[in-house]
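In what follows, a structure is listed as structure tokens, so that the remarks can point back to it.
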Amino acid sequence: MSADRSATERAELNGQIQRVERQEDEFSEARQRYEGSLEQFREQFHAVGRDRESSLRERIEAGDRGVQHELEVRNDLLLRIDRYVEETSEELEQTRSRVRQSFDDELEKLAKERNALPWA
């Protein structure tokens with residue numbers, strides 16, 4: 012039985028494939044952390060908004076009609092935050108798709124190179 016004359020090149024390509032797979036995993040983890048922090052931002056902002064709304068509603072019930080504008084501003088701000096989070100999530104999904112395609116293309120290229128190497 013003869014030795015694999017492409018063993019070195021095959022090992023290099025396997026290493027490159029593993030590197031790309033690690034990068035893919037790292038990107039996925041970073042994306043998930045970012046998505047989590049984005050959702051946490053929204054949730055925290057809404058929690059503050061609910062607290063503020065309670066305070067404003069109490070003032071309205073006490074007869075303070077001047078707070079209606081504050082309530083409208085608060086609602087508008089919450090809508091803007093929701094829109095920001097949704098737009099950012101959509102952009103992140105588009106980026107994920109492009110990056111995923113890039114990783115897939117690179118992995119396919121490396122696998123083809125590796126598989127084209129002669130064994131004997």
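Per the numbering used here: the sequence shown = residues 12 to 131.
C-beta: ideal position from N, C-alpha, C; glycine also.
Tell me whether residue i is buried or exposed, calling it buried when 16 or more other Cβ atoms sit within 10 Å of its Cβ.
i: L24; result: buried
i: L121; result: buried
Straight-line CA distance for residue i to residue j?
i: V84; j: R42; result: 32 Å
i: V110; j: E81; result: 43 Å
i: G26; j: E40; result: 21 Å
i: R91; j: R107; result: 24 Å
i: L88; j: H57; result: 10 Å
i: D75; j: D62; result: 18 Å
i: S20; j: I28; result: One detail in the question is off: residue 20 reads as Glu in this sequence, not Ser. Distance between the alpha carbons of E20 and I28 is about 12 Å.
i: G77; j: Q34; result: 55 Å
i: N126; j: F38; result: 26 Å
i: Q79; j: D116; result: 56 Å
i: L67; j: S48; result: 28 Å
i: N86; j: Q112; result: 39 Å
With distances taken between CB atoms, is the gap from residue i to residue j smaller than 8 Å?
i: W130; j: D36; result: no
i: F114; j: V31; result: yes
i: S17; j: L118; result: no
i: S100; j: E46; result: yes
Inset, instruction - Tell me, please, whether the segment 45-52 touches the segment 95-112 by the rule of three or more beta-carbon pairs shorter than 8 Å. - result: The segment 45-52 vs the segment 95-112: in contact.
Legend entry - Completely contained alpha helix (DSSP H) runs for the segment 72-128, where each covers 4 or more residues: The qualifying runs are 79-127.
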